[in-house]
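Take a look at the structure below.
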Amino acid sequence: MKRLPWRSYYQLCKPKVVAVMLLTVVVGMCLALPGALPWAKVFWALVGIGLSASSAAAINHLLDENIDRQMARTRYRPLPQGQLQPLQVLGFALVLGTLGIGILFSLVNALTAWLTLASLIGYAVIYTAILKRATPQNITIGGLAGAAPPLLGWTAMTGQFDPQGLLLVLIIFAWTPPHFWALAIHRKAEYAKAGVPMLPVTHGEAFTKLQILLYTLLMILTTILPYITGMSGLLYITGVMILNLRFLKHVIVLYRGQDEHAAIRTFWFSIRYIMWLFVVLLVDHYLVIT
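Heads up: the sequence shown runs through residues 51 to 340, numbered per the working numbering.
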């Protein structure tokens, strides 16, 4: 049965990834202001950031078409399957990006619009087109663009930078390498076949597992900072330490090589981890448990 065209365009947007990203945006918004939020601005900020993120995702599909054809995880995407043509994807991405950035400039604020544009370029161009193919540290360097969403939510509400907003960026930045390198171990052979210099391909699994462990410890330290700085309270630190212990358990199993499925299990848990971390941050903020 032939896929309906709108489903192919919908898949280009990576809706599940964008949904998790928008959750971090909402948390950034809520933490930025005490009391009620300006809901009209919240709505337009989410629309603008969501459209921009979808644009970046579509560009990622376009630039990674040759890689996607060679990997089991991505070979059924719209471009490798011939459901859409490159010019259609490019046009779709440009429309989404123009609408998203335009909404942010006109209905939110210029700072958020510029930061969102920088994130779009950072992910879609600098990471996807350059770093991904050039260095095994692609995730580490390019992770900054993917870590920006909570800061975008913060600036959407305040129109200015704040050190606490940057803490949220730091958490996602430290979380990104363990998250992606776990997947890279699981898909090592496919990345090697596609010519993508992911860390397990260039430096081996043992070295990558050590890096995952070290970055996980760094991530745990960054997650404590909101409590130390007074940004969050007792509920947050209790919840995040439970999450940290579970994450660390997965990583230690992976590091020791005790389970052949440990890499993919670590990857999937890392997604649940970051979602629950931001949910706990949000609940703590409104319950004000100290």
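All residues carry an ideal CB built from backbone N, CA and C; glycine is no exception.
Keep in mind the model is a prediction, meaning the values are calculated, not measured.
The C-beta distance from V75 to G192 rounds to 19 Å, too long to meet the 8 Å contact threshold. Around Y177, the same chain offers N188, G192, A195 as residues with beta carbons nearer than 7 Å, after the five sequence neighbours per side are excluded. In terms of Cβ geometry, T316 and L304 form a close pair [threshold 7 Å].
Here the C-alpha atom of H229 lies approximately 8 Å from the C-alpha atom of I321.
In the three-state reduction of the DSSP assignment, T185 falls in the coil class, being assigned neither a helical nor a strand state. The alpha carbon of F297 has as its nearest neighbour, out of F319, A103, T148, the alpha carbon of F319. A Cβ-Cβ separation of about 6 Å places V330 in contact with Y286 under the 8 Å criterion. For the pair L157 and P136, the Cα-to-Cα distance works out to about 31 Å. Counting only runs of at least 3 residues, the stretch 59-116 fully encloses no beta strand (DSSP E) element at all. Just so you know, the alpha carbons of E115 and A122 end up roughly 13 Å apart.
Residues L112 of the same chain have their beta carbon placed closer than 7 Å to that of L140, with the five preceding and five following residues left out of the count.
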